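Working notes for the structure below.
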Amino acid sequence: MYSRAYKTTVTIPPLLWVTVFLLVPYAILFCYSFWSVSSAQTIVHNWNLQNYLQLARNPIYLQVLFRSMRIAASVTVFALLLGYPLAYYLSFHAAKRKDLLYQLVIIPLWASYLVRGYAWKTILGSDGVLNGFLQYLHITHRPVDFFLYSPFAVIITLTHIYTPFTLLPIYASLEHIPRNLVEASHDLGASPWSTFRRVILPLSLPGVLAGATFAFVLTLGDFLAPLLVGGPSGIMISNVVVSLFGAAYNWPLGAAISFCMMLLVVTLLFITERLEKRLAIS
Amino acid sequence: MSAGFQSRRAPLLLSVYAFLVYAFLYFPIIVLVVYSFNGSGVGGFPPAHWTMDWYRQLFMDAALWDAVLNSVIVAALAVAIALGLGLPAALALDRTDFPGKALFRRLVLLPLILPGIITGLSLLMLFVAVGMKLSLVTITLGHGTALISVATTEIFAGLQKLERAQEEASLDLGANHWRTFWRVTLPNLRVSLIAAALLIFTLSLDEIAVSFFLIGRDNTLPLEIWSRLRRGITPEINAISTLILVFSIGMILLWYRLRTRLQPADESAAPLVPAAIQGESA
Amino acid sequence: MTELVAHAAASGSAAAPAPPILSIRRVIKRFGQRPVLRGITLDVASGEFLTILGESGSGKTTLLRLIAGFEDLDSGEIWMGAERLDRIPAHRRHVNTVFQSYAIFPHLSVFENVAYGLRAKNTPTSEIPERVTRALAMVKMGEFAQAAPAKLSGGQQQRVALARALVNRPRVLLLDEPLSALDANLRRQMQVELKSLQREVGITFIFVTHDQEEAMALSDRVALLRAGLLEQVAPPREIYGAPATAYAAQFIGQTNLLRAEVRDGIASAGSIVWRTLGAAGNATYSLRPECIRLVAESESAAMSSADVATARFRGRVRNQSFGGAMDLIEIDCGGAYAIRARIASPGILTGEREFEFTANDAVCVREGEPD
């Protein structure tokens, strides 16, 4: 039904743009990872694997990477722990107020990242709200300073930011569960908990997987929260990259790390996509 | 699906837990807003006297308003780019078939899930390679590119709801493809386009990860706030953050209302994110 | 019954004397690997009301969409007059469609909907109001010209869709199950209106439906489509009285399929025996329930069945249900299946009775896949 002219007109412009502004840049990134920086602070196009070797051998990078993955895993777990029950409540128990409550979830989702990160900074600081509150209640007598500028601060901030991201796919997959399955389960004598464990949870796994992937991938690549609230002990792998593109001036190495990150993300997405297909009800 | 199920009384534990999660999600936001009126500035507990000083200071801050203007211009242009390319991309994904379509789909949707740092850095390398100076233009190009994925997803959802027979009827009655597009397709997509525009505008205003690497001489609002944060926290930042929050919440609620005109609440914001991963949109 | 068949055969099924307005030749259409139309050849006469009848999945809508131009055929040709229709893009064909979902443009008024095609073809603006008004009057929607489509009922929308199509004076009007969404009464009413409308404007109508009663009521000819092939193309009376295949016999109306052995001009299916002109061997016969008559008990023993034009058989009345004008009687003749008969006012029947039918009413049909 659609003529060739039509099909060409709708395909070519976005294809061109995406090629120029996404594909080519990623390719350039890839190329950079094989170059090096000279002592004169110029980029030398000497095609080698030095950067990757450095990443593999130098313990610092691995350390930061593992810390980042630990933080990402923590955030994922917390986001799931917070997001799943709320999604469940929303889907199965919210009834009349469902629409309103749903809106209350998406507001933080799209409201400013920076603002929310900043908010945690003010809460967790040594003269911040949390400390003030604890002192007010005489639980502590001195500002506690490990709240801020620590991995803990990064985890709590990123959990706060990414929980809605995690919640929505879980909610979507819970909504897709036909209610008559739940009713059948009850009819057959299973308790609500048992129904949850044996019917609802398994059927919601695709959403859980999607939500977990978001939280993990986005946390892993995050560099703003560590800069805001992480301090030296809260540095994550993306901060290393940022500094390599800034003061530490080693674009090729930064590119290599970025490319590895990209590879990791794409692989993760690929795996979860496969898994989701297997788990999803047709 | 969810209509038939009688929502039972939620177990008390679950209700309390749900409430606590909401509290966690909104706590920092509330703190921020409250303390923007706090006489003794950021931090401490309880908040001291009520004041509008910080807002007054804000309104006289010229540099900040310059940044706001920059952000608005960038956001408006980003909307134009993202819609201008997202619309044909959505049409292409919905109606055509060509070799590499799957790759095209993934590429277009990749910025949604890929950490901003990677997209930002890649674009930086592109601009350096072609010798383009960093400025608001590069930021605009970055935003537009990253947000094409949002536009495509929103418009694609709208296309799915479009009754294909209407376009066939238009052709049947003698209108060619171009006329059909203008007189039938576009009017039917109006709500999707407005919703997409709102969302993209809001996201662009707040965008910081990609902008971080593409910034030239002029700041956008988030970057301006960021640079001030590096110098130290001032309550003025609370005030501007509150204003940003109010604005983006307003936009998001508007977007949501428009979206739900198209489809039921349980699908509103959810597919935007998981669809990107699962590639359901093609 | 037989007279009707003879009459129909003489007048209807011969090829139309004037050149066909639409000529479909050996059309094949596949969706991916699945063949949907497996070689359709059909001529449509100018001014006729042709119905393409078939179950869902038979390919009838696909055939319509090929004529309209919303799909491309894989092989074969479609000719309209002297030009190859299938090579012309949809918007330039002189063919208009009434869609099953009506596809009324919600953002335009009724008037603008009907005027849409005229505007698209740059009809002089002075002509438009008159033509639109006339078209709306033809479908009795004259007062609704400024209405918003969303406020119209299904039946009203359908009329608007009809007017929107007809105002363009197409050479062929395609109707894709337009009445399927209407309730029974409205449907019957619209059937009558459609038929008289067609006679009035004289345009060729190609109507698609799965409802065989509708097809019988409306059409000049019925094209029965089964699994992508044409089973039989004939006027309603002929397709009813002289079905070519078992499928046609069963799809249209009700019938009894008698699987008989023919020898020396006698067909026997279990205990039922009748005279036939068919060739020797196994054959299937279609016998319509209304062709079976009840033999009054007083006459029962009087004749021997095999050598006259009437066949008689005995059977036990298994079930009798009230069917309005006629009762539906299930007769058990000892065979594997029951014979169904429609008999007017038989009284209450019990036990074993004798029945009869005119031998020529048993029509020999082909069984199996269409070739």
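Protein chains in written order, with the working numbering: chain A, 25 to 306; chain B, 945 to 1226; chain C, 131 to 501. Ideal Cβ placement from N, Cα and C applies to all residues, glycine included. Model, not experiment: these values are computed from the prediction.
**Asked** Hey, does A/W59 have any beta-carbon neighbour from chain B nearer than 8 Å?
**Response** no
**Asked** By the criterion of Cβ-Cβ separation under 8 Å, what are the contact partners of C/F229 in chain A?
**Response** Here the premise fails: no neighbours, minimum Cβ distance about 14 Å.
**Request:** Take the Cβ of C/Y467 as the centre, count every other Cβ of all protein chains shown within 10 Å, and call the residue buried at 16 or more, exposed below.
**Result:** exposed
**Prompt:** To the nearest angstrom, how far is it from the Cα of C/F229 to the Cα of C/P308?
**Reply:** 6 Å
**Prompt:** Closest Cβ-Cβ distance between C/G498 and chain B: below 8 Å?
**Reply:** no
**Prompt:** For B/I1061, which residues from the same chain have a beta carbon less than 7 Å from its beta carbon, with the 5 sequence-adjacent residues on both sides left out?
**Reply:** A1153
**Message:** Under 8 Å, Cβ to Cβ, is there at least one residue of chain A near C/F200?
**Reply:** yes
**Request:** Can you give me the Cβ contacts of C/T328 inside the same chain, cut-off strictly under 7 Å, excluding the 5 residues immediately before and after it?
**Result:** Correcting the residue identity first, residue 328 of chain C is Gln in this sequence and not Thr. Same-chain partners within the cutoff: F179, F335.
**Request:** Round the Cβ separation of A/T187 and B/L969 to the nearest angstrom and send it over; I've been treating them as touching at under 8 Å.
**Result:** 7 Å
**Request:** Can you give me, in chain order, the residues of the stretch 1103-1115 of chain B that have a beta carbon less than 8 Å from any beta carbon in chain C?
**Result:** E1107, A1109, Q1110, E1112, A1113, S1114, L1115
**Message:** For C/P165, list the residues DSSP reports as bridge partners.
**Reply:** C/R160
**Prompt:** Any idea what DSSP makes of C/W209, helix, strand or coil?
**Reply:** strand
**Request:** Report buried or exposed for C/S326, applying the criterion of at least 16 other Cβ atoms within 10 angstroms of its Cβ.
**Result:** exposed
**Prompt:** Would you report the Cα separation of C/Y415 and C/V493, rounded to the nearest angstrom?
**Reply:** 5 Å
**Request:** Tell me whether the beta-carbon of B/L1158 lies closer than 8 Å to the beta-carbon of B/L1067.
**Result:** yes
**Message:** Going by C-alpha to C-alpha distance, which of C/L348, C/D306, C/P300, C/I333 sits closest to C/E323?
**Reply:** C/L348
**Asked** Which term fits A/N75, buried or exposed, when burial requires 16 or more other beta carbons within 10 angstroms of its beta carbon?
**Response** buried
**Asked** Less than 8 Å separating the beta-carbons of A/F45 and B/L1085?
**Response** yes
**Request:** State the Cα-Cα distance for the pair B/M945 and A/A118, rounded to the nearest angstrom.
**Result:** Interpretation of B/M945 is limited by its pLDDT of 39, a score under 50 that renders its predicted location unreliable; no figure is taken from the coordinates.
**Message:** Closer than 7 Å to a non-hydrogen atom of the ligand GTP - does that hold for the CB of B/L1130?
**Reply:** No copy of the ligand GTP occurs in the structure displayed, which carries no ligand at all.
**Item:** Strand pairing of C/E482, partner residues [DSSP]
**Value:** C/R446
**Request:** Reducing DSSP to helix, strand and coil, say where A/Y137 ends up.
**Result:** helix
**Prompt:** Can we say the stretch 223-243 of chain A touches the stretch 195-214 of chain A, given the rule of at least three CB pairs closer than 8 Å?
**Reply:** yes
**Request:** On a CA-only basis, which of A/L124, A/F170, A/H184, A/A111 is nearest A/Y137? Give me that one, please.
**Result:** A/H184
**Item:** Backbone secondary structure at C/S398 - three-state DSSP
**Value:** strand
**Message:** If we require 4 or more residues per run, which alpha helix (DSSP H) segments fall completely within the stretch 204-289 of chain A?
**Reply:** 216-219, 225-244, 261-268
**Message:** Check whether chain B comes within 8 Å of C/S435, counting only Cβ atoms and requiring the distance to be less than that.
**Reply:** Only weak support exists for where C/S435 lies, its pLDDT of 47 falling under 50; the value from the coordinates is given anyway. It does not; no Cβ of chain B falls within 8 Å.
**Message:** Within 10 Å of its beta-carbon, does C/F452 have 16 or more other beta-carbons around it, so buried, or fewer, so exposed?
**Reply:** exposed
**Prompt:** Buried or exposed: C/K563, going by 16 or more other Cβ atoms within 10 Å of its Cβ?
**Reply:** Not covered by the structure: residue 563 of chain C. The range shown for chain C is 131 to 501.
**Message:** At the 8 Å Cβ level, is A/S98 part of the contact set with chain C, yes or no?
**Reply:** no
**Message:** Which same chain residues end up closer than 8 Å to A/T237 when comparing Cβ atoms and leaving out the 5 residues on each side of it in sequence?
**Reply:** L292, L293, T296
**Request:** Locate the alpha helix (DSSP H) running through A/C55, then write down its first and last residues.
**Result:** 48-56
**Item:** 7 Å Cβ cut-off: residues of chain A touching C/P120
**Value:** Since the first residue shown for chain C is 131 and the last is 501, residue 120 of chain C is missing from the structure and cannot be characterised.
**Asked** In the structure shown, what three-state DSSP assignment does B/W1126 receive?
**Response** helix
**Message:** Short of 7 Å in beta carbon distance, which residues of its chain neighbour B/L1296, apart from the five on each side in sequence? Order them along the chain.
**Reply:** The structure shown does not extend to residue 1296 of chain B, since chain B is modelled only from 945 to 1226, so the question has no answer here.
**Request:** Compare the beta carbon distance of B/V975 and B/I1144 with 8 Å and say whether it is the shorter of the two.
**Result:** no
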